[in-house]
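Line order of the protein sequences matches chains A and B.
Just so you know, we're using this note's numbering here: the first sequence kicks off at 1 and counts up by one.
Just so you know, we're using this note's numbering here: the second sequence kicks off at 1 and counts up by one.
Idealized CB from N, CA, C, for every residue including glycine.
Nothing here was measured: the structure is a model prediction, and the numbers come from that model.
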Amino acid sequence: MRQTGAISVIGVMKKLSLALLLVSQFMSPAFAGYKVDGPMAPNVYRRADGSLAISGLFANARITADTRSYVGCSVWAFLQSNGTVSQLVLCSGQNATDGGSCSSTNPAFIATANSLNGDSYIAFEANSSGVCTSLSVQNQSQFRPKTL
Amino acid sequence: MKLAITGLVLGAIIGFGAARAIVPPAPTCTAAEPPDLSAITAALARIDARIGGLERAPAAATAPAIAAPLVAPAPHDSEATARQIASRPPSEWQTLIRESVKDDPDLLAAMIAMANRKEIDHSALAAALHGIPADQE
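Right, here's the structure in full:
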C-alpha cells in the first residue's frame with residue numbers, strides 16, 4: 001500500500017516536470033521578435049514590355065530545395081582600354097524555373113549594392129535592355145540569418 | 001733750313017697720301033646703297049602665304065583636318081559583340097566578356113538583355129558574370 005502511494009507521487013512529479021518544461025519552452029525569450037520568413041526561392045516577375053523584377057532573401061535562397069536558386073549582386077572595377085577605371089554592378093536572381101539579371105555603371109547603384117550583407121533582402125528591376133532601373137537593399141532584424 | 005722745311009712738308013704730304021691709300025675710307029650714310037632685303041622679303045612672303053593660306057582657306061578644306069581628331073569613335077555595336085560571344089561555348093564567355101568589356105562597358109547589358117529574353121542560358125551567363133559555377137543540375 002505504501003509502495004503504491006510512492007509510485008503515484010513519482011508519477012505526479014514526472015507529469016509536473018513535463019508540464020513545467022513545456023511552459024518554459026513557450027516562455028523562452030529566444031522566440032521573441034517580429035519575423036518575416038518570406039518566399040523561399042527568389043521571385044522572378046516578367047512584364048509584357050520585356051522588363052523584369054526579381055526579389056529574394058539571401059538566407060531563403062540559400063536553403064531552397066532546388067539547387068538552382070540564388071540572388072545577389074557583384075561589383076566590378078576594371079581598367080578600360082582608354083586608361084580609365086570603370087565600375088559596374090551586376091545583379092542576378094534565379095529560381096528553379098526562371099531567372100534574370102541587370103547591370104549598371106551608375107555610382108548610385110554601385111553604392112547601393114555595396115550595402116548588401118550576407119543576410120540581406122534584395123529587389124531589383126531590369127529594363128528590356130538589361131540595364132538596372134531600381135535596386136533595393138534591406139538589412140532588417142526580421143529576416144532570418146543565413147544557415148549552412 | 002729751307003730745304004729741311006720743304007722736306008718735312010713733302011714728307012707729310014707723301015705720308016698722308018700713303019695712309020689714305022692703305023686705309024679705305026670709312027663708309028658714309030649718304031653714300032650707302034639701299035640694303036638688299038629681297039631675301040627677307042621673300043621669307044616673309046612665304047610665311048605670310050602659309051598663314052594667309054590657313055586663314056583664308058575655305059571652311060570645308062580646313063574642317064576635316066581640325067575636326068577629325070575630335071570626332072568621337074564610332075559607338076560599339078554591343079548587340080553584335082554580345083551575339084558573337086554568345087555563339088561561343090559558355091565556358092569561354094567569362095574570358096571573352098572580361099576582355100571585351102574593357103572597350104565596351106555596354107556589352108554586359110547587351111548580354112544580359114539576351115539572357116533575360118531567354119535567347120541564351122541565364123544560368124550560364126550568370127556563372128560567367130559572377131564568376132561562380134554554373135547550376136549544379
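Reduced DSSP category for residue i - H, G, I as helix; E, B as strand; rest coil
i, result
"B:S100", "helix"
"B:P64", "Low per-residue confidence applies at B:P64: pLDDT is 48, beneath 50, and the placement is therefore not dependable, though the value from the model is reported in the following sentence. Note: B:P64 maps to helix in three-state DSSP."
"A:Q151", "Any answer about residue 151 of chain A is impossible in this case: the structure gives chain A only from 1 up to 148."
"A:Q87", "strand"
"A:R62", "helix"
Neighbourhood of residue i by C-beta, 7 Å cutoff - its chain only, sequence neighbours within 5 removed
i, result
"B:H122", "A115"
"B:D104", "H76, S78, T81"
"A:V131", "C102, S103, S104"
"A:S69", "A41, P42, A61, Q94, N95, A96"
Any C-beta of chain B under 9 Å from that of residue i
i, result
"A:C12", "The question names Cys, but residue 12 of chain A in the sequence shown is Val. By this cut-off, A:V12 is not an interface position."
"A:T56", "Looking at the sequence itself, residue 56 of chain A is Gly, so the reference to Thr does not match. Taking Cβ atoms only, chain B never reaches closer than 9 Å to A:G56, which makes this a no."
"A:R68", "yes"
"A:G33", "no"
"A:S17", "no"
Neighbourhood of residue i by C-beta, 6 Å cutoff - its chain only, sequence neighbours within 5 removed
i, result
"A:N127", "S51, T133"
"A:K146", "F58, A59, R62, G118, D119"
"A:R144", "A59"
"B:I120", "A86, M114"
Residue i at chain A interface by Cβ criterion, 9 Å
i, result
"B:A80", "no"
"B:I181", "There is simply no residue 181 of chain B to check, as chain B begins at 1 and stops at 137 in what is shown."
Residues near residue i by beta carbon distance below 8 Å, same chain, minus five either side
i, result
"B:R83", "M114"
"A:S115", "V137, N139"
"B:D106", "H76, S78"
For residue j and residue i, believed in contact at Cβ under 8 Å, the rounded distance
i, j, result
"A:S101", "B:L129", "7 Å"
"A:V75", "A:Q87", "7 Å"
"B:A124", "B:W93", "7 Å"
Against chain B, which members of the region 94 to 106 of chain A pass a CB distance test of less than 9 Å? Within the region 94 to 106 of chain A, the residues whose Cβ lies closer than 9 Å to some Cβ of chain B are Q94, D98, G99, G100, S101, C102, S103, S104, T105, listed in chain order.
Going along the chain, which residues of the region 75 to 90 of chain A sit with their C-beta nearer than 9 Å to a C-beta in chain B? W76, F78, L79, Q80, S81, N82, S86, L88, L90
Short-range partners of chain B found in the region 116 to 143 of chain A, where Cβ spacing is below 8 Å: A126, S128, S129, G130, V131
Quick one, which residues of the region 35 to 53 of chain A are near chain B if we go by CB-CB under 9 Å, in chain order? Those residues of the region 35 to 53 of chain A that come within reach of chain B (Cβ to Cβ, closer than 9 Å) are R46, G50, S51, L52.
Can you list, in chain order, the residues of the region 92 to 110 of chain B whose Cβ is nearer than 8 Å to any Cβ on chain A? R98, V101, K102, D103, P105, L108, A109, A110
Return the residues of the region 114 to 130 of chain B that lie within a Cβ-Cβ distance of less than 9 Å from chain A, sorted by chain order. M114, A115, N116, R117, K118, H122, S123, L125, A126, L129, H130
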